[in-house]
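Visitor: Residues in the sequence shown are numbered from 6 upward in steps of one, following the working numbering. Every residue gets a Cβ at the ideal spot worked out from N, C-alpha and C, and that includes glycine. Sharing a structure with you now.
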Amino acid sequence: MAQMKASQALVKELANWQVDHVYGIPADSLIDGFAAEQDLIRYIQVRHEEVGALAAAAESKLTGKIGVALAAVGPGAIHLIYGLCDAKMDHTPMLVIISNVTTSTINTHYLQDMDEDELFAGLDTFHRQVSDAKQIPGTIRAAIQTAYATQSPSIVIIPDDLANVEINYEPMPVHRLAKPVLAGTDAQVAQTVSLIKQAKRPVMFVGKGIRYAQTEVAAFSQKFGLPVVTTAPAVGYVASNFENNLGSLGTVGTQPAFEAMHMADLVVMVGTSYPFMRFMPHTIKTIQINQDSQALGEQFPAVQLVQADAKTYLTQVIKTQPDQVPASDFLKARHVARQNWRGYLDERVAARPAGLLTAEAVLREVAQLATPDTIYGLDIGNNMVWSTRMLPFGDGQEMTMSAWFGAMGYGLSAGIAAQLSYPDKRVITVSGDGGFSMVVQDLLTQVQYQLPVINVVLENGGYGFIRQEKAKVGQSDYGLKFMNANWAGVAENMGAIGLRVTNDQTLKAAIQTIEHHLATGDKQPIVLDAVITDEEPLDTSTMKLDPDQYSERMIGEFRVKNHLDGDRYPSLRRILNQLIAQQ
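Set out below in structure tokens:
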């Protein structure tokens, strides 16, 4: 047992849990502990606490280790709410340590005296304000244990006069309680196999719960002949070039994924409690496999509910099937639809409306920069839609996004976390100009810590995703356009490499410049500012193409509006009927 300042004991306790860096802006006396123990933990000085909180959340999603953000009393603390909400909604372990005014001035209407306890109470599972310096290490320990156990944020509030009090500290062994790996019963496995074999149009629908079952998902799909559809956060867990991969579902999805799900007679849901399942046709039978019992049956009635680990249960089911099931007409039709969709994306790459680049064209070139270990940090908005459709996944690449909170500014913040956590990996972020401009000041953080992140900015001068949502309900785009800066010029002024592209020639030259800098081991971050056409991506949340569900007039209007030629991009129903007719 050794005597030291409470702030030092706090740092040692974090290091005891294998935390090696934290994010924040130094202000109150907590920083003294990090100064004294900087060999143990790096204090990453962000330029806005919001970025620090988002980076901490992103770090946890990417590494599985708890992310930690700090802030000073009052305004600094409030800036953390953005990242806390993201962590809570994406079920991410995170620790936030906040200063408060001194114990003698709490509740006295002193400068910056506010009820932080009440403000943050609804954003976490563990929430505690210490009242004695000796409580600090133990409270940090309990907060981390709870964050891991509940996969949610924990908040610790420390009055400013306690951090420099001398206390005795002795580290205790740490132990993260692992969740039990649950297997299914023989009866459950037999029922799953029976339901799949009875189905004529089965589809496998997977979410974040397959993170450690990617090999098994592909094997299951091939063995039973099921096309695979993903949720947006799980896009990176199924290889882009896997022939049964139809892409993701919803607004950020693909035409073949939408049509397959809406024609399915059985959906095998693995590792997801997709909230929009409630809008799917209730004639669909579902099997839901999830480790979390609370997720079972939460969004959609199922004919079979299996509480089990995805990797374990899929392996159990695969073992019952010695031979691969022959490809059904439905699966063959899906392969044709998948190829048609890839042709549509190629068409979007080649399009040059108003002489400008399309987002698809920019990202097709950016994809050349991706290595098998690339980490993508995706912002929210149309940039995320284009990225999930155009960037390569499945060779070891990882992706993180603000899935359910939808936090603009997440991309650049995630880039900081990814490069700090994996300094030898390539990191690419993709943002719209709206999200990038919210957090551009923290490009300085990337420069300061020599983080060679490639930041792609798709610049169209407006909040395109919001405009698209408003247009669907007949509302105007008032207030959704804005003035831009030359983001490449801003990057140069901040000490980064700035490249502005407006056409094919400048784009290809910029990619070559980036490749050169990467080859030389340059540690400067890069901003690729791409001016693109002001077009929204195809909205795949509703595809009016199926003649069994929509009139010829409705289908025709939908095709004209979305430039979907009926011969080049036929409906799944038409493809399936043609395959059957050829037999």
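Tell me which same chain residues have a C-beta within less than 7 Å of the C-beta of T68, skipping the five on either side of it?
Guide: Here residue 68 is taken as the residue at index 63 of the sequence shown, counted from 1. So the qualifying residues of the chain are S426.
Visitor: Identify which residue in A355, V444 and Q424 has its Cα closest to the Cα of Y415.
Guide: On the sequence shown, residue 415 is found 410 positions in, with the first residue counted as 1. Nearest option by C-alpha distance: V444.
Visitor: Please specify which runs of the alpha helix (DSSP H), each continuous and at least 4 residues long, are wholly inside the segment 175-222, giving them in chain order.
Guide: Runs of the alpha helix (DSSP H) lying entirely within the segment 175-222, each at least 4 residues long, are 191-203 in chain order.
Visitor: Would you report the Cα separation of T325 and K316, rounded to the nearest angstrom?
Guide: Translated into the one-based positions of the sequence shown, residue 325 becomes position 320. Translated into the one-based positions of the sequence shown, residue 316 becomes position 311. T325 and K316: Cα-Cα distance of roughly 15 Å.
Visitor: Please go through the same chain and pick out, in chain order, the residues whose beta-carbon is closer than 7 Å to the beta-carbon of G571, but skip the five residues on each side of it.
Guide: What you label residue 571 is simply residue 566 of the sequence shown in a count that begins at 1. So the qualifying residues of the chain are R564.
Visitor: From the DSSP output, read off the bridge partner residues of K486.
Guide: The residue given as residue 486 occupies position 481 in the sequence shown. Residue pairing of K486 in beta bridges, as defined by DSSP: G467.
Visitor: Given a cut-off of 7 Å on the beta-carbon distance, is the pair V240 and S253 in contact?
Guide: As a working mapping, residue 240 is identified with position 235 in the sequence shown. As a working mapping, residue 253 is identified with position 248 in the sequence shown. Closer than 7 Å, so yes.
Visitor: Classify K290 as helix, strand or coil using the three-state DSSP reduction.
Guide: On the sequence shown, residue 290 is found 285 positions in, with the first residue counted as 1. Correct three-state label for K290: strand.
Visitor: Report back the beta-carbon spacing between R505 and N491 to the nearest angstrom; my notes put them in contact at under 8 Å.
Guide: Counted from its first residue, the sequence shown places residue 505 at position 500. Counted from its first residue, the sequence shown places residue 491 at position 486. Contact holds; Cβ gap of about 6 Å.
Visitor: Would W346 and I149 qualify as a contact pair, given that the criterion is a beta-carbon distance under 7 Å?
Guide: If you number the sequence shown from 1, residue 346 lands on position 341. If you number the sequence shown from 1, residue 149 lands on position 144. Contact: no.
Visitor: Is DSSP giving G302 helix, strand or coil here?
Guide: Here residue 302 corresponds to residue number 297 of the sequence shown, with the count starting at 1. In this structure, G302 counts as coil in the three-state DSSP scheme.
Visitor: Short check: CB of G440 to CB of M413, under 7 Å?
Guide: Sequence index remark: in the sequence shown, residue 440 carries index 435 (1-based). Sequence index remark: in the sequence shown, residue 413 carries index 408 (1-based). Yes. Within cutoff.
Visitor: By Cβ distance below 8 Å, which residues in the same chain neighbour G38 in space, the five residues on each side in sequence not counted?
Guide: Taking the sequence shown and counting its residues from 1, the one referred to as residue 38 is at position 33. Around G38, the same chain offers K10, A11, S12, Q13, A14, L15, V16 and A168 as residues with beta carbons nearer than 8 Å, after the five sequence neighbours per side are excluded.
Visitor: What are the partner residues of H132, as DSSP defines its beta bridges?
Guide: Position 127 of the sequence shown, counting from 1, holds the residue named residue 132. Answer is I160.
Visitor: Could you name the residues of the same chain whose beta carbon sits closer than 8 Å to that of A188, not counting the 5 residues immediately before and after it, in chain order?
Guide: On the sequence shown, position 183 is the one that residue 188 refers to. A313, D314, T317, Y318 and Q321, listed in sequence order.
Visitor: Over what stretch of residues does the beta strand (DSSP E) that includes R347 continue unbroken?
Guide: Position 342 of the sequence shown holds residue 347. Boundaries around R347 are those of the alpha helix (DSSP H), D334 to A355, since no beta strand (DSSP E) includes it.
Visitor: Looking at N465: is its Cβ nearer than 7 Å to the Cβ of D539?
Guide: Position 460 of the sequence shown holds residue 465. Position 534 of the sequence shown holds residue 539. The answer is yes: Cβ separation under 7 Å.
Visitor: Jot down the residue ranges of each uninterrupted alpha helix (DSSP H) in the segment 9-41, minimum 4 residues, whole runs only, in chain order.
Guide: 11-21 and 36-41
Visitor: If you run the structure through DSSP and keep just helix, strand and coil, what is D534?
Guide: If you number the sequence shown from 1, residue 534 lands on position 529. Of the three classes helix, strand and coil, the one that applies to D534 here is strand, per DSSP.
Visitor: For A76, name the three-state secondary structure that DSSP assigns.
Guide: Indexing the sequence shown from 1 puts residue 76 at position 71. Residue state, collapsed to three classes: strand.
Visitor: Return yes when the Cβ of A82 is within less than 7 Å of the Cβ of E121, no when it is not.
Guide: Here residue 121 refers to the residue found at position 116 of the sequence shown. Here residue 82 refers to the residue found at position 77 of the sequence shown. Judged by beta-carbon spacing, A82 lies within the 7 Å limit of E121, meaning their Cβ atoms are closer than that value.
Visitor: Which class does N105 belong to by DSSP, given the choice of helix, strand or coil?
Guide: For the purposes of this step, residue 105 is identified with residue 100 of the sequence shown, where counting begins at 1. The three-state reading of DSSP puts N105 in strand, counting E and B together.
Visitor: Classify M559: buried if its beta carbon has 16 or more other beta carbons within 10 angstroms, exposed otherwise.
Guide: Mapped onto the sequence shown, residue 559 falls at position 554. When all chains shown are included, M559 counts as exposed.
Visitor: According to DSSP, is A7 helix, strand or coil?
Guide: As a position in the sequence shown, residue 7 is number 2, starting the count at 1. DSSP places A7 in strand when its eight states are reduced to three.
Visitor: Entirely within the segment 231-287 and at least 4 residues each: give me those alpha helix (DSSP H) ranges in chain order.
Guide: 260-268
Visitor: Comparing alpha-carbon positions, which option in R283, K66, A40 and D544 lies nearest V390?
Guide: In the sequence shown, residue 390 corresponds to position 385, counting from 1. Nearest of R283, K66, A40 and D544 to V390, Cα basis: D544.
Visitor: If you drop the 5 nearest sequence neighbours on each side, which residues of the same chain put their C-beta closer than 6 Å to that of V341?
Guide: Position 336 of the sequence shown holds residue 341. Hits under 6 Å: I580.
Visitor: For G212 and chain B, any beta-carbon pair shorter than 7 Å?
Guide: This model lacks chain B altogether, as it is built from one protein chain only.
Visitor: From I537 to A183, what distance separates their C-alpha atoms?
Guide: Within the sequence shown, residue 537 is the residue found at index 532, counting from 1. Within the sequence shown, residue 183 is the residue found at index 178, counting from 1. One C-alpha to the other measures close to 47 Å.
Visitor: Whose C-beta lies closer than 6 Å to the C-beta of T376 among residues of the same chain, with five residues either side of it excluded?
Guide: Locating residue 376 in the sequence shown gives position 371, counting from the first residue. Answer for T376: R431, listed in chain order.
Visitor: What did DSSP end up calling T68 once you bin it into helix, strand or coil?
Guide: Stepping through the sequence shown from its first residue, residue 68 is reached at position 63. Residue state, collapsed to three classes: helix.
Visitor: Taking the alpha carbon of T511 as the point to measure from, which residue in L523, D534 and E497 has its own alpha carbon closest?
Guide: Numbered from its first residue, the sequence shown carries residue 511 at position 506. It is D534 whose Cα lies nearest to the Cα of T511.
Visitor: Under the three-state reduction of DSSP, which class applies to T144: helix, strand or coil?
Guide: One-based indexing of the sequence shown puts residue 144 at position 139. Helix, per DSSP.
Visitor: Can you have a look at I531 and say buried or exposed, based on whether 16 or more other CB atoms are within 10 angstroms of its CB?
Guide: On the sequence shown, position 526 is the one that residue 531 refers to. It is buried - the Cβ of I531 has at least 16 other Cβ atoms within 10 Å.
Visitor: Got a sec, what are the start and stop residues for the alpha helix (DSSP H) M548 sits in?
Guide: The sequence position of residue 548 within the sequence shown is 543, counting from 1. Taken as a continuous stretch (DSSP letters only), M548 belongs to no alpha helix (DSSP H), as it is neither H nor E.
Visitor: Short of 7 Å in beta carbon distance, which residues of its chain neighbour G214, apart from the five on each side in sequence? Order them along the chain.
Guide: Translated into the one-based positions of the sequence shown, residue 214 becomes position 209. Same-chain partners within the cutoff: V275, G276, T277, N295, Q296 and A315.
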